[in-house]
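Residue numbers (my numbering), protein chains in the order written: chain A, 1413 to 1659; chain B, 46 to 381. Beta carbons are placed, not taken as given, at the ideal position from N, Cα and C, and that holds for glycine. None of these values were measured; they are calculated from a predicted model.
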Amino acid sequence: MTAPLLRVRGLTKRFGGLIATNHLDLDVGHGETLALIGPNGAGKTSLIAQLQGDLTPNGGSIAFDGRDITGAPAHRRARLGLARSFQISSVFPEFTLTANVAVAVQAGAGHSFRFWRDAAADPALVGPARQALDSVGLGGLERRAADVSHGERRQLELAMALAMRPRLLLLDEPMAGMGREDSARMTRLLQGLKRSYAMLLVEHDMNAVFALADRVVVLVAGQAIASGTADEVRNDPAVRAAYLGKR
Amino acid sequence: MTLAPAAPPRASSATLIGIAVLVVALALVPTVSQALGNPFLIKIATRIVIFAIAAVALNLVLGFGGLVSLCHAGLFGIGGYVLGIAAAQLDGEVSAALLPATGELAVVLPLAMAVAGLAAAVMGVIALRTSGAYFIMITLAFNQMLYYVFVALQQYGGEDGLQFNAALTLFGHPATGRVPFYYGCVAALALVLAGMQRLIASRFGVVLRASAQNERRLTALGIPPLPYKLAAFALSGAVAGLAGALFAASQSFISPSAMSWVQSGDLVVMCVLGGLAYVAGPVIGAGAFVALEAVLSGWSVHWQLAFGGFIIAVVVTLRGGLIDLVRIAARGGRAS
């Protein structure tokens, strides 16, 4: 068996007395969609932040495609193929949608110490940016990111991640704050992407989780208490007690 | 508060026409001055153009990079002293081990830019580790250190400043005539504006503007902001140094008073007054600032009171600075 794409071992993160991640082991296989669920405060976003490089863990290791990245800075991880979409939309508000995604394309196109050519008229940047916007259903929308709706900004987040040509998508609640209709659309969108990318999906929307995930890991107090298919996890008594509610 | 309203993604033809009109208008000043028989006008216009170069330089980091730097007068002064010390050596009054004794602008202006740029890079390495109010405080502290270094350098005139009599040349031709020197300054401003306009729209400019809006996002996309901010800071410092050297050349004199932190603040005011979002905004700001200073200070010693009122009025009514007036006028002209 080949090594998994992402391999997390003994990962630990403490904020003072609070343990956000507690000796966590986690694997994401090539092409796998792993959903991470758990109650609020379980440490899901902290885990994503450690994987992406925004937070430094206190212990443990993270390997990506066989390479140890535990101490690698965030921008290097991004270049290796780890793309994060943020729980709270994080975009460049003053740029147009195309310009937002073009920054992501530019990041993957070598250094940016290029001082002369007009970047907004560079087909090598604008072309792939438009393509990524098309693929998330935002094609032809030429507005500033500050002026689009919440749902559209969530789609923009995804387009930016895709434009990085990632190998693993770290999706932190892509449906956060969306209405039912938008959620369903985003779910269909992610289903279409499933074949092309490995994903680590943090999500509260159980319909989306059950529709998308190959495997579900349940995180409670920084520890994985269960792992399996959606149905296995759904019927796991420990999970029912801790998470799905005591019925 | 977002300090960096990003420029339009593309250098629109309107922006380029605006820059061209501005430069042509400035180039006409000697003609107007002669027609009116008022040589004082050129003196004011020279001052406007030189401070416009400095403010445009500052606006690269302030308006587009979101970095409120209060050390640009210090960098301006370094450029001025490079020229001053190089030229004063021809008089035999001073000596410097590291600088050539020359009044040739083709040598000394690039040198002034290099020294100021290097100084900006060194300060930037430290200051750019911080952000927000801390960045402002560190650059302010650097500015005051530079100021007191030149106050303490008695061999270069200390607090009294450094006067030089040597005639400056450009490619061997005398460059001291008031009108030719003015044209030279306008040409320098035009080059700086054109270069900045390209820079802002380039990939480098995109990264700089993106870093001002959302540094965390930029990092997550795979671009570390620091090297780009540092390069912008050094470049900004180099151009501020050019302005300082022209300033020293324009009056055959440079003193520490040109590098006090109040001057740094004035440069920030010029940028905000003119408009942070456009490369040419600070030119309008510098024009308004220097012209009002000249007019109002002729009326009353308390001119700064009126000046303060003017700044407040502009900032409250025109959120994009004085350049908004130009845009409103242009739009009105097109509509009618």
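Asked	Found
Of the residues B:A141, B:L67 and B:A159, the one placed nearest B:G282, counting alpha carbons only	B:A159
Contact set between A:Q1464 and chain B, taken where Cβ atoms lie within less than 8 Å	A265
A:V1629 (DSSP reduced to helix, strand or coil)	strand
Alpha carbon of B:P301 to alpha carbon of B:F195, nearest angstrom	6 Å
Partners in chain B for A:A1519, counting only beta-carbon separations shorter than 7 Å	L266, G267 and I268
Within the stretch 292-363 of chain B, ranges of the alpha helix (DSSP H) (whole runs, at least 4 residues)	306-319, 326-344 and 348-362
Segment contact flag, the stretch 1442-1453 of chain A with the stretch 1483-1497 of chain A, C-beta cutoff 8 Å, min 3 pairs	no
Short CB-CB distance (under 9 Å) between B:N188 and chain A	no
Beta-bridge pairing of B:H117 - partner residues as DSSP gives them	Answer is none; B:H117 lacks a bridge partner.
Host alpha helix (DSSP H) of A:K1425 (start-end)	First-last for A:K1425: L1418 to F1427, but that is the beta strand (DSSP E), not the alpha helix (DSSP H).
Exposure label - B:N104; buried when at least 16 CB within 10 Å	buried
Among B:V252, B:G365, B:K274 and B:A279, nearest to A:F1507 - alpha-carbon criterion	B:V252
Contact list for A:V1440 against chain B, beta-carbon separation under 8 Å	Those within 8 Å of A:V1440 in chain B number zero; the least Cβ separation is about 18 Å.
Boundaries (first-last residue) of the alpha helix (DSSP H) holding A:S1458	K1456 to Q1464
Residues from the stretch 355-367 of chain B in contact with chain A, defined by Cβ distance under 7 Å	none
Pick from B:V340, B:V317 and B:I183 that is closest to B:I329, judged by C-alpha positions	B:V317
Under 7 Å (Cβ pairs) to chain B, residues found in the stretch 1506-1530 of chain A	E1506, F1507, T1508, A1511, V1515, A1516, Q1518, A1519, G1520, S1524, F1525, R1526, F1527, W1528, R1529 and D1530
Unbroken alpha helix (DSSP H) run spanning A:M1572, endpoints	H1562 to A1575
When B:A211, B:V313, B:M190 and B:V167 are compared against B:I130, the one with the closest alpha-carbon	B:A211
Near-chain A residues of the stretch 299-324 of chain B - C-beta to any C-beta below 8 Å	none
Span of the beta strand (DSSP E) around B:T221	Segment: none, B:T221 is in no beta strand (DSSP E) and carries neither H nor E.
Boundaries (first-last residue) of the alpha helix (DSSP H) holding B:Q108	The question names Gln, but residue 108 of chain B is Gly in the sequence shown. First-last for B:G108: undefined, no H or E at that position.
DSSP beta-bridge partners of B:Q208	B:F298
Coil, strand or helix - A:F1498 by DSSP	coil
Cβ-based neighbour list, A:F1504, same chain, cut-off 8 Å, excluding 5 preceding and 5 following	A1511, N1512, V1515 and A1557
Where A:G1589 sits in the DSSP three-state scheme	coil
Enclosing alpha helix (DSSP H) for B:N259 [first to last residue]	Careful: B:N259 lies outside any alpha helix (DSSP H) and carries neither H nor E.
Inter-residue Cα distance where the pair is B:V153 and B:V127	7 Å
Range of the contiguous alpha helix (DSSP H) that encloses B:I183	G177 to A197
Members of the stretch 241-252 of chain B near chain A, C-beta cut-off 9 Å	R243, L244, A246, S247, R248, F249, G250, V251 and V252
Cβ-Cβ distance between B:V335 and B:F121 below 9 Å	no
Reduced DSSP category for A:I1431 - H, G, I as helix; E, B as strand; rest coil	strand
Rounded straight-line distance, which links the Cα of B:I89 to that of B:V346	19 Å
6 Å Cβ shell around A:A1454 - same chain, five flanking residues per side excluded	L1631 and V1632
CA-to-CA distance, A:G1428 to B:L156, given in whole angstroms	52 Å
For B:D311, the nearest candidate out of B:L341, B:I299 and B:G353 (CA to CA)	B:G353
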